[in-house]
Amino acid sequence: RAKLSGPNRYWFFNRQIHDELIHQHQLAERLQNALRDGELALYYQPQVAAGSGRIENLEALLRWFPKEGGAVSPGEFIAVAERSNLIHRLGDWVLCEACRQKAQWKAMGLGDYRIDINFSGKQVTQVETFKRLEACMEEYELSPRDIGIELTENVLIEADDQVLDTLRRLYHRGMKIAIDDFGTGYSSLSYLKQFPVTALKIDRSFVRDAPSNPSDQAIMAATVFIGHRLGLEVVAEGVENEEQLELVRELGCDLVQGYYHFKPMSATDTQKLLGGLVAVTDKYSG
Ligand code: C2E
Ligand code: MG
Ligand code: MG
Ligand code: MG
Numbered sequence: 001r002a003k004l005s006g007p008n009r010y011w012f013f014n015r016q017i018h019d020e021l022i023h024q025h026q027l028a029e030r031l032q033n034a035l036r037d038g039e040l041a042l043y044y045q046p047q048v049a050a051g052s053g054r055i056e057n058l059e060a061l062l063r064w065f066p067k068e069g070g071a072v073s074p075g076e077f078i079a080v081a082e083r084s085n086l087i088h089r090l091g092d093w094v095l096c097e098a099c100r101q102k103a104q105w106k107a108m109g110l111g112d113y114r115i116d117i118n119f120s121g122k123q124v125t126q127v128e129t130f131k132r133l134e135a136c137m138e139e140y141e142l143s144p145r146d147i148g149i150e151l152t153e154n155v156l157i158e159a160d161d162q163v164l165d166t167l168r169r170l171y172h173r174g175m176k177i178a179i180d181d182f183g184t185g186y187s188s189l190s191y192l193k194q195f196p197v198t199a200l201k202i203d204r205s206f207v208r209d210a211p212s213n214p215s216d217q218a219i220m221a222a223t224v225f226i227g228h229r230l231g232l233e234v235v236a237e238g239v240e241n242e243e244q245l246e247l248v249r250e251l252g253c254d255l256v257q258g259y260y261h262f263k264p265m266s267a268t269d270t271q272k273l274l275g276g277l278v279a280v281t282d283k284y285s286g
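At position 283 of the sequence shown the residue is numbered 283 (my numbering), and the sequence of numbers has no breaks.
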């Protein structure tokens, strides 16, 4: 392979950046159409009690199924939406869809599982985001216990006073607010005492290697300790196997979420699962 040097090298890098920008622009355009054409869906991943394995809550995770094929991961298209202003429309769709679904399952008597919604950076800089969440919840006659919020540390420290006041109000009305990907941000722990938070979700990068990595274990143990001392729930993300489950139990995590128990599922599959659980409960209580 020819060594890149001289002017060609710059051409090569410019070309790469250029291609990447075109790619992102096209993706943003396709995403806009996807919203219009109904190609988006919410998937749901259950969170279970670490001890009993009982389903406690559901996390809503956005999926995009382009009609022309070629699935794009949320990691990629949410970043693209963040860089354009599409994230607001996308985020509004997510929160209204989550509320609609929660109301439907509630009406069907499918248990009282809370649905947690993810909010990204730009969404959290606008107080309108949470106003719309409240409006949607009101429209579907939901209580603050029906819907939860997930924010990352980096996003939370960027929130302005107006947003924080809104979050505090929701918190005082009983809404659960979790710090997502806990331990991977660059904020200081002092924010835990200033911000309205009810749970810490230990990032799956710690969980993944913990069985063989004492440093990851130490970080997880410290997170559980500080979380519990502050009266917070501690959730382990990304538990994929028995070994990891054993460990997060031993370390005292309250809740577990990961492929070991459930992968994120379509609304139809989630409904079947919840319906089956209701049927089982009815059998034993009836
Ligand atoms: P997150 O909120 O931390 O969500 C957890 C991610 O880990 C999800 O990826 C989930 O599918 C994946 N996961 C769960 N259990 C396991 C496991 O055992 N092993 C592995 N390898 N992965 C597991 P997903 O669905 O691809 O979402 C990626 C990120 O995209 C989310 O991370 C969240 O930050 C963002 N996101 C997803 N949906 C939304 C949304 O509706 N709005 C916003 N703003 N962001 C979203
Ligand atoms: Mg999340
Ligand atoms: Mg997470
Ligand atoms: Mg994560």
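Built from N, CA and C at the ideal position, the CB exists for glycine as well.
Per DSSP, the bridge partner or partners of residue i
| i | result |
| --- | --- |
| P46 | L58 |
| V256 | V48, A236 |
| W64 | L40 |
| N118 | E150 |
| D92 | DSSP, once it has assigned bridges, lists no residue as partnering D92. |
| A199 | A178, E233 |
| M220 | Beta-bridge pairing links M220 to no other residue. |
| M137 | For M137, which the question treats as bridged, DSSP gives no partner whatsoever. |
| M265 | Y44 |
Expected contact under 8 Å - CB spacing of residue i and residue j to nearest Å
| i | j | result |
| --- | --- | --- |
| V234 | I202 | 7 Å |
| S205 | Y43 | Incorrect: roughly 21 Å between the Cβ atoms, too far for contact. |
| L95 | L133 | 5 Å |
| V163 | V127 | 5 Å |
| M271 | W105 | According to the sequence provided, residue 271 is Gln. The question's Met does not apply to it. With 8 Å as the limit, Q271 and W105 qualify as a contact, their Cβ atoms being about 7 Å apart. |
| T223 | G183 | 6 Å |
| Y113 | L273 | That belief does not hold up - the Cβ atoms of Y113 and L273 are roughly 10 Å apart, past 8 Å. |
| T290 | E153 | An answer regarding residue 290 cannot be provided, because it is not within the stretch 1 to 286 covered by the chain. |
| R83 | Q24 | 7 Å |
Proximity of residue i and residue j at Cβ, strictly below 7 Å
| i | j | result |
| --- | --- | --- |
| G287 | D116 | Lying before the first or after the last residue shown, residue 287 is absent from the chain, which here runs from 1 to 286. |
| E39 | F65 | yes |
| L151 | F130 | no |
| I87 | Q123 | yes |
| P264 | Q32 | no |
| V48 | H261 | yes |
| Y296 | I177 | Given a span of 1 to 286 for the chain in the structure shown, any question on residue 296 remains unanswerable. |
| M220 | L251 | yes |
| E294 | Q257 | The question about residue 294 has no answer, for the chain in this structure spans 1 to 286. |
| L255 | L230 | no |
| M146 | K102 | With the sequence shown as reference, residue 146 is identified as Asp, and Met is not the correct amino acid for it. Contact: yes. |
| C99 | L61 | no |
| V80 | L27 | yes |
| L110 | V280 | no |
| L232 | A199 | yes |
| P144 | G121 | no |
| R63 | A34 | no |
| C253 | A50 | yes |
*Residues near ligand 2, CB to any non-hydrogen atom under 5 Å, in chain order?*
N118, E150, D180
*asked:* Quick test of the definition: if touching needs 3 or more C-beta pairs under 8 Å, does the segment 211 to 218 touch the segment 238 to 253?
replied: yes
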